[in-house]
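S.K.:
There are 2 protein chains.
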Amino acid sequence: MAESQTTSQTRRSTRTGVDLLLQLRGSGTRAGLTEALRDAVRSGHLPAGSRLPASRALANDLGIARSTVTECYSLLLEEGWLTARHGSGTFVAERVQQHRVKEVPAPRREPSHGLGPGAADYADFPRSTWLAAARRAFAAAPHSAFGYGDPLGRMETRVAIADYLARVRGVYADPGRIVLSSGYQHGLGVVARALKNQGHESVAVESYGLDIYRGVLGDAELRIPPLEVDEEGAQVQRLHRLDGNRAVLLTPAHQFPTGHALSPERRAMVLDWARSAGGLILEDDYDGEFRYDRKPIGALQGLDPDRVVYFGTASKSIAPALRLGWIVVPDRLLGAVADAKGRVDTVSVLDQLIFTEFVTSGAFDSHIRSRRQSYRRRRTQLVDAVQSRASGIRVIGMQAGLQAVLILPAGTEAWVLQAAARRGLLVSGLSAFRHPGAERDGRWSDGLVVNFSAVSDSAWPGALEELVRVLP
Amino acid sequence: MAESQTTSQTRRSTRTGVDLLLQLRGSGTRAGLTEALRDAVRSGHLPAGSRLPASRALANDLGIARSTVTECYSLLLEEGWLTARHGSGTFVAERVQQHRVKEVPAPRREPSHGLGPGAADYADFPRSTWLAAARRAFAAAPHSAFGYGDPLGRMETRVAIADYLARVRGVYADPGRIVLSSGYQHGLGVVARALKNQGHESVAVESYGLDIYRGVLGDAELRIPPLEVDEEGAQVQRLHRLDGNRAVLLTPAHQFPTGHALSPERRAMVLDWARSAGGLILEDDYDGEFRYDRKPIGALQGLDPDRVVYFGTASKSIAPALRLGWIVVPDRLLGAVADAKGRVDTVSVLDQLIFTEFVTSGAFDSHIRSRRQSYRRRRTQLVDAVQSRASGIRVIGMQAGLQAVLILPAGTEAWVLQAAARRGLLVSGLSAFRHPGAERDGRWSDGLVVNFSAVSDSAWPGALEELVRVLP
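Below is the structure:
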């Protein structure tokens, strides 16, 4: 057995028609020889059409039983790697496609100071409290919890999310109308397909936002007419003018990336539009947990759950690695969303078990509280640094969220971004978030979007220093 | 503070226009009052249009500061829950939609003895070794691992899967061509959309299989012409007659559910068809790990990686709760599959980290080994029980996998299923797996598909006893 378990032992058979270099590995002689022969065929060491050693000769060369070699040849004949020609021996089949395994590509090099969008301080992932929650969740879970689960998500998880959303975001929270997704992007794609299947042909979007989400709507063959954004949020008063459009995607609590909340007047206006036009509001509440002033604005969804589809995510509050989001769906759309999601859940049920324990045990609230304090500190430091070192620059959108916008003098954005890149500082220009179909209204022509949550506590002071150095 | 943290404390305000029943809860007076008011509005306790108590009166009633009440009213005004009429007070807004949260539906009752398809012995989920792998994986992971990850899957995970597949299944394993999915069904859907986008209009399927997978292909608007199945697997010789069809979905190692391996002649035949017709083979290797005879048949993919899309899953070998599958994709199809999968991975990156550690540490192999022994034992017990108690019944498809088919006398299937249901035994009729468009060829007209992996070790003897009792 010690002999047969030798791994990667190289032996050379020179007696026969081919010069056979075998890498014997694996947990048994037969399995090891089978794999070594497949490797040799695949890599071209044994070319198509070449003759294999007679089984007795190969067994002698390798010091193994002849029966092992014949069993191995017979399996490879059955699988189609080899062919036998009566009386003349065993050959490598002509039909095997020969390849070499490519090298694994090296990972991309990270910038020195990343303050780009979408990133977060992954050092903050609560490794030990998450593992503790996993231990408790696995100890308590019934065996059946390890099966396929509910296609919409585990009911316990949806109940925990419903309670949390009602408590923290004022969301009308019927667990039966909550659908789990593999993050916001997956959820938006599911809802977009459902809307398309229900006859929608377009979804109005804010004139600033991530192009990746506009792309998701486009993938569902929906048009995306833009609504201009100002200090009161999206100009929803323009919705009436968009003929045939019956849906709008908004970030009401904190416009992304410009940072303003949708004003009370416009909140009322968009709800009235939805009622009179039979419209649907998609509410992206991507960072509802992170608000630093004393009045957290509740979700729009609570005011009219039949006309608002609410989207939340654990990507900002825990980590993108969790791949977990939630959608609160109006009753009449639930069937279409369930169909678009598919018959089996995509979300890890293991993660659902752990997340449920993480939320109900209070670990989630305390994790968010500690991150909120850290982000509030950074936000103050960012404002102070800009005021003292670049006093001509205005900071907007700072009541909430994980990023701020620095308004630059007109015409300087490209230049500042180049200077930042030279210093190894990754930061985005505001224009990168602009809807390509939006009019250029000049309200905010040039700007930087600074994601102050993107780096660790230790990297933040250095990144901030680099940032103020490149400001005009 | 002790006062303000009282939860679910019921207080009644009777002085004013509405009889206000407030459920004070939450972590602070203001937050608690805000939530209680939202609840009261939402549930209809405070009807639309009704007047709220003056802030001074409510503050007195509740024994809290008046400023707390005014702050709370002002927030709810801003959010749109309330409206203020100058000089006459604060009212519940007319536009709030009122609801009652529905009861959570009770879970369905499980059958006493479940031997149905798709289930597995979830008691076998390796809770402690999985948690141990999680601890090691989290300790070793860099911070960046908690971000969004690679849209196709983490490279380390794909390398671990590539090594495993090459070693165990003879798959040609370039990690760059491996794409992770949220299980087989998700992966099949992704590939189906990719094929549709590449101009495919149909995918031939085996005349027996799970209707859910035929449905996934149908969802991508692909036709699914059937290929008859016999003791040599699917009749791939008929592929040439399907005009315009350039793809076929097969279970070559172990036809599902009839259990035969694709014969060596047909393996050669389908590869030759793929080359001559420019065809593509989708290889569903759903239970490749579970083979009980001495010669595990390697994957077809290894013979021609450019013409085979290989699908594997952790649902049978670990648990469906993991929601993890893998696809090995030919180079020329990789871009289309990546596009169809989307810009962000759906698979939990946390699970990927843990699974990688689980595989590379050897825990995966030892887990499979122990399950294989248990299933082999059950398979022997099933054959013995059927032979001794129902000797007229033939058992087919027993060299591998997690289920067996008992061939019943013609015309008895419906009757046996009814008898099984009366005894609380969940088992499937073979006819439920039959492609609705397939001809009725009478080879296996009636049968039971018995998933002998579906119950725990303790439940198995009872389930087996019930099974043989209902056999004719």
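Here the protein sequences come in this chain order: A and B. Just so it is clear: in the first sequence, position 42 is 42 by the numbering used here, and no numbers are missing. To convert, count from 1 in the second sequence and add 472; that's the numbering used here. All C-beta atoms in this analysis are idealised placements derived from N, C-alpha and C, irrespective of residue type, glycine included. This one's a predicted model, so the numbers in the text were calculated from it and none came from an experiment.
1. Is the Cβ of histidine 260(A) closer than 9 Å to any Cβ of chain B?
2. Under a three-way DSSP split, which group does alanine 106(A) fall into?
3. Suppose contacts are defined by Cβ-Cβ distances below 9 Å. Is glycine 661(B) in contact with glycine 342(A) by that definition?
4. Beta carbons nearer than 9 Å to chain A: which residues of the stretch 541-567 of chain B have them?
5. Could you list which residues in chain A have their beta carbon closer than 9 Å to that of valine 801(B), in chain order?
6. Determine the extent of the beta strand (DSSP E) in which serine 67(A) is found, giving its start and end residues.
7. By the DSSP assignment, the alpha helix (DSSP H) with glutamine 352(A) in it spans what residues?
8. Taking only beta-carbon positions, decide if isoleucine 297(A) is within less than 9 Å of chain D.
9. Determine the direct distance from the alpha carbon of alanine 137(A) to that of serine 600(B), and round the result to whole angstroms.
10. Hey, out of Gly621(B), Ala886(B) and Ala645(B), whose CA is closest to aspartate 778(B)'s CA?
11. May I have a chain-ordered list of the alpha helix (DSSP H) segments no shorter than 4 residues that lie completely inside the stretch 318-397 of chain A?
12. Pull out every residue of the stretch 621-654 of chain B whose Cβ sits closer than 7 Å to any Cβ of chain A, in chain order.
13. DSSP three-state call for aspartate 929(B): helix, strand or coil?
14. Using a beta-carbon distance below 9 Å, is isoleucine 475(A) in contact with chain B?
15. To the nearest angstrom, how far is it from the Cα of aspartate 457(A) to the Cα of arginine 795(B)?
16. For the alpha helix (DSSP H) that contains leucine 667(B), what are its first and last residues?
17. Can you check DSSP and say which residues form a bridge with tyrosine 208(A)?
18. Looking at the C-beta of proline 444(B), does it have a partner C-beta in chain A at a distance below 9 Å?
19. Kindly indicate which three-state DSSP category glycine 153(A) falls into: helix, strand or coil?
20. Just to make sure I have the definition right: I need the residues of chain B whose C-beta is within less than 8 Å of the C-beta of glutamine 185(A). Which are they?
21. Express the C-alpha separation of aspartate 339(A) and tyrosine 594(B) in angstroms, rounding to a whole number.
22. Anything in chain A within Cβ reach of arginine 843(B), meaning under 7 Å, just list it in chain order.
23. How far does the beta strand (DSSP E) with phenylalanine 91(A) in it reach, from first residue to last?
24. For leucine 131(A), which residues in chain B fall below 8 Å Cβ to Cβ?
25. Quick check on the burial criterion: 16 or more other C-beta atoms within 10 angstroms. Buried or exposed for asparagine 197(A)?
26. Going by DSSP in three states, isoleucine 879(B) sits in which element: helix, strand or coil?
27. Where does tyrosine 764(B) fall in DSSP's three states?
28. Below 9 Å between beta carbons: does that hold for valine 720(B) and valine 675(B)?
29. Restricting to Cα atoms, I'd like to know which of Ala526(B), Ser539(B) and Pro589(B) is closest to valine 877(B).
30. With a threshold of 8 Å on Cβ separation, who are the neighbours of leucine 239(A) within its own chain once the five nearest residues in sequence on each side are excluded?
31. Three-state secondary structure (DSSP) at alanine 556(B)?
32. Can you check whether the CB of leucine 75(A) is closer than 9 Å to the CB of threonine 90(A)?
33. Sorted by chain position, which residues of the same chain lie with C-beta nearer than 7 Å to aspartate 124(A)'s C-beta, five sequence neighbours on each side aside?
34. Quick check on the DSSP output: what are the complete alpha helix (DSSP H) runs of length 4 or more inside the stretch 257-285 of chain A, in order along the chain?
35. Could you check if glutamine 890(B) is buried or exposed, using at least 16 other CB atoms within 10 Å of its CB as the buried criterion?
36. Is any beta-carbon of chain A found at less than 9 Å from that of alanine 666(B)?
M.R.: On the basis of the data shown:
1. It does not; no Cβ of chain B falls within 9 Å.
2. At alanine 106(A) the pLDDT is 49, less than 50, meaning the model places this residue with poor confidence; the figure from the coordinates comes in the next sentence. In the structure shown, alanine 106(A) adopts coil according to DSSP, grouped into three states.
3. The Cβ-Cβ distance between glycine 661(B) and glycine 342(A) falls below 9 Å.
4. Residues Glu543, Ser546, Leu547, Leu548, Leu549, Glu550, Glu551, Gly552, Trp553, Thr555, Ala565 and Arg567.
5. The contacting residues do not exist; valine 801(B) stays about 13 Å from chain A at best.
6. No beta strand (DSSP E) holds serine 67(A); the alpha helix (DSSP H) holding it covers 66-79.
7. Following the DSSP letters along the chain, one finds glutamine 352(A) inside the alpha helix (DSSP H) bounded by residues 349-360.
8. Going by chain labels, chain D is absent from the structure shown, which instead holds the protein chains A and B.
9. Straight-line Cα distance between these residues: approximately 12 Å.
10. When only C-alpha atoms are compared, the closest one is Ala645(B).
11. Every unbroken stretch of the alpha helix (DSSP H) spanning 4 or more residues and falling wholly within the stretch 318-397 of chain A is given here in chain order: 331-341, 349-360 and 363-389.
12. Residues Gly621, Met627, Val631, Arg639, Gly642, Tyr644, Ala645, Asp646, Pro647, Gly648 and Ser654.
13. Aspartate 929(B): coil per DSSP, three-state reduction.
14. Because chain A in this structure spans residues 1 to 472, residue 475(A) falls outside the shown range and cannot be described.
15. If you draw a straight line from the Cα of aspartate 457(A) to the Cα of arginine 795(B), it is about 34 Å long.
16. Element bounds for leucine 667(B): 656-669.
17. For tyrosine 208(A), which the question treats as bridged, DSSP gives the partners Arg434(A).
18. It is not possible to answer for residue 444(B), since the shown part of chain B is limited to 473 through 944.
19. In the structure shown, glycine 153(A) sits in coil (DSSP, three-state: anything other than H, G, I, E or B).
20. Here the neighbours are Gly814, Arg815 and Val816.
21. Taking C-alpha positions only, tyrosine 594(B) is separated from aspartate 339(A) by approximately 27 Å.
22. Chain order gives no chain A residues near arginine 843(B), where near means a beta carbon separation below 7 Å; the closest approach is about 13 Å.
23. First-last of the beta strand (DSSP E) with phenylalanine 91(A): 89-92.
24. Neighbours of leucine 131(A) in chain B, taken as residues whose beta carbon is under 8 Å from its own, are Leu603, Ala606, Arg607 and Phe610 in chain order.
25. Asparagine 197(A) is classed as exposed because its beta carbon has fewer than 16 other beta carbons within 10 Å across all chains shown.
26. Strand, per DSSP.
27. Three-state DSSP puts tyrosine 764(B) in coil, outside helix and strand.
28. Yes, these two residues count as a Cβ contact at 9 Å.
29. Measuring from the Cα of valine 877(B), the nearest candidate turns out to be Pro589(B).
30. Spatial neighbours of leucine 239(A) in its own chain (CB-CB distance under 8 Å, excluding positions within 5 residues in sequence) are listed in chain order as Ala204, Leu227, Asn245, Val248, Val270, Trp273, Ala277 and Gly279.
31. Three-state DSSP puts alanine 556(B) in a strand.
32. In this structure, leucine 75(A) does not lie closer than 9 Å to threonine 90(A) by Cβ.
33. Leaving aside the five residues that flank aspartate 124(A) on each side, the residues in its chain whose CB is nearer than 7 Å to its CB run, in chain order, Arg371.
34. Runs of the alpha helix (DSSP H) inside the stretch 257-285 of chain A: 264-277.
35. Its Cβ having fewer than 16 others within 10 Å, glutamine 890(B) is exposed.
36. Taking 9 Å as the CB threshold, alanine 666(B) stays off the interface with chain A.
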